[in-house]
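These notes concern the structure reproduced below.
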């Protein structure tokens, strides 16, 4: 892990150097041509430099002092009238990275009194969120208490509430990023990458809490939820290192978030001893895929948007570069913590495997993820049955996801590899939910069937229509062969 740690740190340093010029004198981020800056970017920059400091202990970069840079970014984030909870959460963790209390924190020392007062106001948790923003509220509570801005520590209550909502919105123990509790019109069941995002951020915030006893008391509960995601990651990463490949916010972040959760889990010993070698190998493969796919070797920058690829509008090039620098610094620090090697892990399953992960199973709906892998042919597909939430593009539709083989466009709605049914003025899809989700063996050896039903049709906007028809879906999987059968049964 030492070589990996050094490599990550070198790349983090390079990214920070190359992106220093994108910071204006007032701490705002200058976007690349054709893009628009996000309101939370200064906070992301602050945390990137904070993680670099935690990894190196250095307060200078390119003969420039880091604390004034971070102070400018935090000041800009606080002053943004439309600044988001996201930005303030990142900014406050960036501040905590330089010291878990106000005393002897080199960034806090140079913030003026007005900004310190505004930080106190902006860190107050005034809204009740149901999505991954709960993690940002937790980070804000950690900073507010650790810096002595309040005597009441809300961290424990917010962590408990997050975990209680995981349990109430998912029988499988996964985070729903678009539950009906958040908005009654939601279909519910956006079990996507943002569950991983929330866990990573909560764990990082707790690590920076000044009250070690509170942190240690919450980790066992957090571990229970994290283990659900760890199992999915350990069993679904592709042979070439492709990580999370369905739902909102995938691509470079699908790699970075998976690596981070695995490394946090190795540090905390949340991975069973018989899976540890696999986890280390997956970190190597995920990182290699991330490096070869998203690093511009010529210029040393992260590329998430060019002539051949795109990402969701909210992911800007600047943010991706600073986030990559943050994660690379964090990986370097974590790798030094738990040490060991990253040897190739021999696959214990040379034969095809077919697994169904249950996210939610209630009288109203069932949702989950089908993962099929055939090592002989290299076929590795995922079929998600879940809500797209606010991201109403193709990424969450129930088709075989295998980027590079079964591809689909970014930021567009289409129906790749599955039918749509247009009845009157509505378009229905075999996605978003099912009933009686099951995997059964076929009559021929090595054949699997993934089956589910839709008692009522659901349209592409996730609205149910009663009394029109029902739908039966049967995916037949055998070796390198996939057959989808869709049976529409009219009711009138």
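Numbering (this note's numbering), first residue to last: 3 to 494. Virtual Cβ for every residue (Gly too), placed ideally from N, Cα, C. Small disclaimer: the values here were computed from a predicted structure and weren't measured.
Environment of residue i [buried if 16+ CB atoms lie within 10 Å]
i	result
residue 157	buried
residue 443	exposed
residue 159	exposed
residue 123	exposed
residue 164	buried
residue 414	exposed
residue 38	exposed
residue 292	buried
residue 380	exposed
residue 354	buried
residue 150	exposed
residue 7	buried
residue 406	exposed
residue 433	buried
residue 438	exposed
Three-state secondary structure (DSSP) of residue i
i	result
residue 104	coil
residue 9	helix
residue 1	Since the displayed the chain opens at 3 and closes at 494, residue 1 lies outside it and no answer follows.
residue 440	strand
residue 2	With the chain running from 3 to 494 in the structure shown, residue 2 is simply not present.
residue 31	strand
residue 159	helix
residue 388	coil
residue 92	helix
residue 419	coil
residue 46	helix
residue 273	coil
residue 164	helix
residue 459	strand
residue 408	strand
residue 171	helix
residue 25	strand
N-terminal and C-terminal residue of the beta strand (DSSP E) that residue i is part of
i	result
residue 453	449 to 456
residue 479	471 to 480
residue 508	Limits of the chain in this structure are 3 at one end and 494 at the other, which puts residue 508 out of reach.
residue 487	483 to 492
Range covered by the alpha helix (DSSP H) that runs through residue i
i	result
residue 144	135 to 148
residue 125	115 to 125
residue 429	Looking at the DSSP string, residue 429 is not in any alpha helix (DSSP H); the run it does join, the beta strand (DSSP E), is 428 to 430.
residue 241	No alpha helix (DSSP H) contains residue 241, which DSSP labels as neither H nor E.
residue 80	68 to 81
residue 266	254 to 270
residue 278	278 to 296
Distance cut-off 6 Å: residue i Cβ against heavy atoms of the ligand FMN
i	result
residue 279	Ligands in the displayed structure: none, and consequently the ligand FMN is not present.
- Query: Counting Cβ pairs closer than 8 Å, one from the stretch 85 to 94 and one from the stretch 122 to 140, do we hit at least three?
  - Reply: yes
- Length-filtered (4 minimum) alpha helix (DSSP H) runs lying within the stretch 183 to 216: 196 to 209
- Of all the alpha helix (DSSP H) runs that stay within the bounds of the stretch 301 to 383, which reach a length of 4 or more residues? 319 to 340
- Query: Counting pairs of beta carbons, one from the stretch 361 to 378 and one from the stretch 473 to 490, are three or more of them closer than 8 Å?
  - Reply: yes
- Message: Measuring CB atoms only, is the stretch 335 to 351 touching the stretch 16 to 26, in the sense that at least three cross pairs come out at less than 8 Å?
- Response: no
- Taking three-plus beta-carbon pairs below 8 Å as touching, is the stretch 234 to 254 in contact with the stretch 191 to 209? yes
- For the stretch 47 to 54 and the stretch 323 to 335, state whether three or more C-beta atom pairs, one from each stretch, are separated by less than 8 Å. yes
- Query: Is there contact here, the stretch 160 to 178 with the stretch 356 to 366, by at least three beta-carbon pairs under 8 Å?
  - Reply: yes
- Are three or more beta carbon pairs between the stretch 383 to 403 and the stretch 203 to 214 nearer than 8 Å? no
- Message: Taking 8 Å as the cut-off, does the stretch 66 to 83 touch the stretch 26 to 41 (at least 3 CB pairs, one atom from each stretch)?
- Response: yes
- Query: Is it true that the stretch 297 to 307 meets the stretch 231 to 250, where meeting means three or more beta-carbon pairs spaced less than 8 Å apart?
  - Reply: no
- Task: Inspect the CB distances between the stretch 136 to 143 and the stretch 88 to 106 and report whether three or more fall short of 8 Å.
- Result: yes
- Task: Pair every Cβ in the stretch 414 to 431 with every Cβ in the stretch 385 to 399, then say whether three or more of these pairs are closer than 8 Å.
- Result: yes
- Message: Could you check whether the stretch 96 to 115 touches the stretch 205 to 218, counting it as contact only if at least three pairs of C-beta atoms, one from each stretch, sit closer than 8 Å?
- Response: yes
- Item | Sufficient close CB pairs (3 or more, under 8 Å) joining the stretch 111 to 118 to the stretch 55 to 65 | no
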